[in-house]
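Novice: One structure, pasted below without further comment.
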Amino acid sequence: KNEVEQSPQNLTAQEGEFITINCSYSVGISALHWLQQHPGGGIVSLFMLSSGKKKHGRLIATINIQEKHSSLHITASHPRDSAVYICAVKSMRTDKLIFGTGTRLQVFP
Amino acid sequence: NAGVMQNPRHLVRRRGQEARLRCSPMKGHSHVYWYRQLPEEGLKFMVYLQKENIIDESGMPKERFSAEFPKEGPSILRIQQVVRGDSAAYFCASSPLAGSYNSPLHFGNGTRLTVT
């Protein structure tokens, strides 16, 4: 079992829909990152959080440390949101990032 | 303020050749991380360097792979005698602070290595 699990693996949505991507992890962490990767492109850091909730534009990230779970929400989704969203946790034991395999999101107009 | 710069973006090598991947961190960042993304897999940590020091290379294959971050110039990830299994996207990230949980990471656009 992977130390970081994301669901769903693939997600399609109509423009305007509310999107939720989930991340569960099994190790002790000091921080959790949400990253965005466009096809053939680089990786952009969206959020880094260690507790509570953060919001940036139409993106919201939450984390529940007790339940070892985080969610990334996209409100009013748009085709330009189509990308792979990656959850990564910083292991408290090794101080290294452990990555999920990503959620591929496609938003259709 | 330029971001993390990686070059080349695409690199094609024949089996047995050497591949050199370069990463210039963001201005003011002295910590560099290399990650590998195999097709259809998640990113995996390879090595963590500070200027002139390898801090953690526990993710690097024992043979053919090496990394450096000299006092002057970019960080280099070097793969000798490449094999088809080395085909992957290699990402570099930099941060200003060492190991701190509140230190954000800035990624480059990656180098896509294809071994023919």
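From first to last, the protein sequence lines are chains A and B.
Quick note on this note's numbering: the first sequence kicks off at 1 and runs consecutively.
Quick note on this note's numbering: the second sequence kicks off at 1001 and runs consecutively.
C-beta atoms are modelled at their ideal positions from N, C-alpha and C, and glycine is treated no differently.
All figures in this text were calculated on a predicted structure; none of them were measured in a lab.
Rounded to a whole number of angstroms, what is the C-alpha to C-alpha distance between His78(A) and Val107(A)?
Specialist: As a working note, residue 78(A) is residue 78 in the first sequence. As a working note, residue 107(A) is residue 107 in the first sequence. Their Cα atoms are separated by approximately 6 Å.
Novice: Which residue's Cα is closest to the Cα of Val1083(B): Leu1113(B), Lys1027(B), Ile1054(B)?
Specialist: Your numbering for residue 1083(B) matches position 83 in the second sequence. Checked all of Leu1113(B), Lys1027(B), Ile1054(B); the closest Cα to Val1083(B) is Leu1113(B).
Novice: Can you have a look at Phe1091(B) and say buried or exposed, based on whether 16 or more other CB atoms are within 10 angstroms of its CB?
Specialist: Locating residue 1091(B) in the second sequence gives position 91, where the first residue counts as 1. It is buried - the Cβ of Phe1091(B) has at least 16 other Cβ atoms within 10 Å.
Novice: So, with DSSP's three-state summary, where would you put Arg1112(B)?
Specialist: Position 112 of the second sequence holds residue 1112(B). Correct three-state label for Arg1112(B): strand.
Novice: Specify the secondary structure class of Gly102(A) as computed by DSSP and reduced to three states.
Specialist: Looking up residue 102(A) in the first sequence gives position 102. Coil at Gly102(A), not helix or strand.
Novice: Against Asn1053(B), what residues of chain A qualify as contacts under a CB-to-CB distance less than 9 Å, listed in chain order?
Specialist: Indexing the second sequence from 1 puts residue 1053(B) at position 53. Simply none; closest approach about 16 Å.
Novice: Can you find a C-beta in chain A that's less than 7 Å from the C-beta of Leu1077(B)?
Specialist: The count along the second sequence starts at 1 and reaches residue 1077(B) at position 77. Residue contact with chain A for Leu1077(B): absent (no Cβ-Cβ distance below 7 Å to any residue of chain A).
Novice: Run through chain B and tell me which residues come within less than 7 Å of Gly52(A), C-beta to C-beta.
Specialist: As a first step, residue 52(A) is located in the first sequence; it is residue number 52 there, counting from the start. Correct list: empty, because the minimum Cβ distance to chain B is about 14 Å.
Novice: Skipping 5 residues on each side, what residues in its chain have a beta carbon closer than 6 Å to that of Glu1018(B)?
Specialist: Along the second sequence, one-based indexing puts residue 1018(B) at 18. Answer for Glu1018(B): Gln1080, listed in chain order.
Novice: Out of Phe1069(B), Gly1073(B), Gly1028(B), which one is the CA nearest neighbour of Trp1034(B)?
Specialist: Residue 1034(B) sits at position 34 when you count from the first residue of the second sequence. The residue with the shortest Cα to Cα distance from Trp1034(B) is Phe1069(B).
Novice: Look at the Cβ atom of Met92(A), then the Cβ atom of Pro1104(B), and state whether they are nearer than 7 Å.
Specialist: As a working note, residue 92(A) is residue 92 in the first sequence. As a working note, residue 1104(B) is residue 104 in the second sequence. Taking 7 Å as the Cβ cut-off, Met92(A) and Pro1104(B) do not qualify as a contacting pair.
Novice: Compare the C-beta of Ile43(A) against all C-beta atoms of chain B and say whether one is closer than 7 Å.
Specialist: Locating residue 43(A) in the first sequence gives position 43, counting from the first residue. Yes, contact with chain B.
Novice: Helix, strand or coil for Met92(A)? Go by DSSP, reduced to three states.
Specialist: Looking up residue 92(A) in the first sequence gives position 92. Look at Met92(A) here: in three-state DSSP terms it is coil, with no helix or strand label.
Novice: Counting contacts by CB-CB distance shorter than 7 Å, is Tyr1101(B) in contact with chain A?
Specialist: Mapped onto the second sequence, residue 1101(B) falls at position 101. Residue placement at Tyr1101(B) cannot be trusted, given a pLDDT of 47 that sits under 50; the coordinates are not used to answer.
Novice: At a cut of 8 Å, does the region 31–38 of chain A reach the region 1006–1017 of chain B through at least three beta carbon pairs?
Specialist: Contact between the region 31–38 of chain A and the region 1006–1017 of chain B is absent, because fewer than three Cβ pairs lie under 8 Å.
Novice: For Ile43(A), which residues from the same chain have a beta carbon less than 8 Å from its beta carbon, with the 5 sequence-adjacent residues on both sides left out?
Specialist: Against the first sequence, residue 43(A) aligns to sequence position 43. Excluding positions up to five away in sequence, the list reads Leu35, Gln36, Gln37, Ile86.
Novice: Using a threshold of 7 Å, state whether the C-beta atoms of Asn22(A) and Ser71(A) are closer than that.
Specialist: Taking the first sequence and counting its residues from 1, one reaches residue 22(A) at position 22. Taking the first sequence and counting its residues from 1, one reaches residue 71(A) at position 71. Cβ distance < 7 Å, so Asn22(A) and Ser71(A) count as in contact.
Novice: May I ask which residues mark the beginning and end of the beta strand (DSSP E) holding Leu46(A)?
Specialist: Against the first sequence, residue 46(A) aligns to sequence position 46. Looking at the DSSP string, the run of the beta strand (DSSP E) that includes Leu46(A) is 43–49.
Novice: Quick one: which chain A residues come within Cβ less than 8 Å of Glu1041(B)?
Specialist: In the second sequence, the residue the question calls residue 1041(B) occupies position 41. Neighbours of Glu1041(B) on chain A, chain order: Thr101.
Novice: Who are Thr12(A)'s beta bridge partners in DSSP?
Specialist: Counting from 1 along the first sequence, the entry for residue 12(A) is found at position 12. Thr12(A) pairs with Gln106(A).
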